Amino acid sequence: MKNSTTDSRANMTVHTLLAACLLAGIAAQPVLAQTASAPAAPALVAKPKPTREVPFKAPNLAALAHEPNGAEILYGYRLMTQTKKLLPHNVGAAMNCTSCHLGGGFVPHSSAFVGQNVLYPMYNGRAARVVSMADRINGCMMRSMNGKPIPKNSPEMKAMLAFMAWMSKDVPADAKVKGAALYKISTSIKPDPVRGKAIYAERCAACHGIDGQGSKNAKGEYVFPPLWGPDSFNIGAGMARTYTAAGFVKGAMPVADSLHPPTGVGRMSASARPPEGGAQLPRGVERSEEGGSMSDQDAVDVAAYFSHQPRPDFPMSIYDWPKGGAPKDVRYCLVSLGNCTPAEIARAPKPPGGK
29 MKNSTTDSRA
39 NMTVHTLLAA
49 CLLAGIAAQP
59 VLAQTASAPA
69 APALVAKPKP
79 TREVPFKAPN
89 LAALAHEPNG
99 AEILYGYRLM
109 TQTKKLLPHN
119 VGAAMNCTSC
129 HLGGGFVPHS
139 SAFVGQNVLY
149 PMYNGRAARV
159 VSMADRINGC
169 MMRSMNGKPI
179 PKNSPEMKAM
189 LAFMAWMSKD
199 VPADAKVKGA
209 ALYKISTSIK
219 PDPVRGKAIY
229 AERCAACHGI
239 DGQGSKNAKG
249 EYVFPPLWGP
259 DSFNIGAGMA
269 RTYTAAGFVK
279 GAMPVADSLH
289 PPTGVGRMSA
299 SARPPEGGAQ
309 LPRGVERSEE
319 GGSMSDQDAV
329 DVAAYFSHQP
339 RPDFPMSIYD
349 WPKGGAPKDV
359 RYCLVSLGNC
369 TPAEIARAPK
379 PPGGK
């Protein structure tokens, strides 16, 4: 009798477990079905184009002490200014974000960050789609940094986005900031790279080296970034294009001609520069209204020289501007133009969507 009871209880236990497993499987089915049919994330919608322009006014870093997420914003600023050190697995070049966005994005006419956040999401012709601010940052990571994208849900990306949002906190949603973008250079100016080489030796080599490999401090850390070579930005970066690079040179270089404090003061205006007896520019050189000291022709010539020096490749760039509209200074073939060789297509990764 005892053995019969034991067997009965054992059978009940087995049946109970089987029933529990069956019920669990049935209960899981709706969840699995729901997961499989979950709608895709909504497509990004581009913000309307700005309808007005507001003066350039950068926020003050000291004000972060009063921000509830000040520590996160400050971390984002550090990631912008110490990108290579803090994101060594994402940065392949010897570059920081501040290499192209001077003073951590606080300086006008130097790809400033002030007001940029209010412009995104934005349609990007190079990608032929609407991109978010995170997409834009990762585009820089892969091209200007010659590296890898940052996971969008990572603390680092969240900190960088928090910093970008803070940099636009005083900018109206329907406005763009005067002087935040690069100086516009006419593409009708014909570049002379031979003349540009002489200008580079005179005006640029003191910081970036006569060989373009940058300058380091006693610790071996780059003080001024390399403008070409294996540690520089790759061929897919905007700065590898003549007229984009010329706009940066025109508005920001040589860096010694301007002040770049990330304190809300920004670039010193021409009227506020030291008078006779103060800091002087080379004879025959005039300061522009934007703060740079080169003429448009000088900027184009020197940009044509350094932007076309050897640098890392970015094979996937051949899929840029798939719907047309590529700038005239793009220096690589494009599938959309039909000027890529079979070998160039073969070594490029598959484009987005596998097409």
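Using my numbering, the letters of the sequence shown map in sequence onto residues 29 to 383.
From the three backbone atoms N, C-alpha and C, an ideal C-beta is built for every residue, glycine too.
The structure presented is a predicted model; accordingly, all values stated were derived computationally and were not measured.
Within 7 Å, strictly: CB atoms of residue i and residue j
i    : j    : result
P253 : S127 : yes
Y250 : Y333 : no
E81  : A190 : no
I178 : N262 : no
G279 : H94  : no
P78  : K206 : no
M185 : A155 : no
G120 : G167 : no
G104 : A187 : yes
Y211 : G275 : yes
L362 : A354 : yes
M192 : F134 : no
D15  : I238 : This structure does not reach residue 15, given that the chain is present from 29 up to 383, and the question cannot be answered.
L102 : L92  : yes
V158 : L89  : no
P200 : R231 : no
G248 : Q337 : no
A327 : V358 : no
Those residues which DSSP pairs with residue i across a bridge
i    : result
A209 : Paired residue(s): none; A209 is not in a bridge.
Y228 : Answer is none; Y228 lacks a bridge partner.
S260 : S260 pairs with nothing; no bridge assigned.
S243 : F252
V142 : Answer by DSSP bridge pairing: none, since V142 is not bridged.
V82  : V205
Y151 : V158
Exposure of residue i, with buried meaning 16 or more beta-carbon neighbours within 10 Å
i    : result
G132 : buried
P96  : exposed
V222 : exposed
W256 : buried
T369 : exposed
K218 : exposed
M195 : buried
V146 : buried
G266 : buried
P87  : buried
S260 : buried
N124 : buried
R375 : exposed
A246 : exposed
D348 : buried
P183 : exposed
P83  : exposed
N367 : exposed
P116 : exposed
A234 : exposed
P76  : exposed
P340 : buried
Y208 : Contrary to the premise, residue 208 reads as Ala rather than Tyr in this sequence. The residue in question, A208, is buried, as its Cβ has 16 or more Cβ neighbours within 10 Å.
Cut-off 6 Å between Cβ atoms - residues of its own chain near residue i, not counting five sequence neighbours on either side
i    : result
S335 : A268, T270, A273
T215 : Y271, K356
A55  : Summary for A55: the model assigns pLDDT 35, below 50, so the residue's position carries little reliability; its value from the coordinates is reported in the next sentence. For A55, where only same-chain residues beyond five positions count, there are no Cβ hits under 6 Å.
G224 : D329, V330, A332, Y333
K425 : Only positions 29 to 383 of the chain appear in this structure, which leaves residue 425 out of reach.
D220 : D329
G98  : L92
T111 : V119, N124, C125
L114 : L107
K244 : Y250
7 Å Cβ shell around residue i - same chain, five flanking residues per side excluded
i    : result
G242 : A122, H236, Y250, F252, P253, P254
G352 : S364
S160 : L72, Y148, P149
8 Å Cβ shell around residue i - same chain, five flanking residues per side excluded
i    : result
P377 : P343, M344
L50  : Residue confidence for L50 is low, a pLDDT of 33 falling below 50, so the modelled location carries little weight; the figure read from the coordinates is stated next. Counting only Cβ-Cβ distances below 8 Å, and skipping sequence neighbours, we find nothing.
A74  : P149, M150, Y151, V158
I373 : I346, V363
G53  : For G53, the predicted model reports a pLDDT of 38, less than 50, meaning its position is unreliable and no value from the coordinates is stated.
Any non-hydrogen atom of the ligand SAM closer than 6 Å to residue i Cβ
i    : result
S138 : Within the structure as shown, the ligand SAM is missing, as the structure has no ligands at all.
Threshold first: 4 residues or longer. Then list the alpha helix (DSSP H) segments lying entirely within the stretch 153 to 178, N to C. Those alpha helix (DSSP H) runs which fall completely within the stretch 153 to 178 and span 4+ residues are 161 to 170.
Only counting runs of 3 or more residues, tell me where the beta strand (DSSP E) segments fall wholly within the stretch 68 to 122, in order along the chain. As for any beta strand (DSSP E) of minimum length 3 sitting wholly inside the stretch 68 to 122, the runs are 80 to 82, ordered along the chain.
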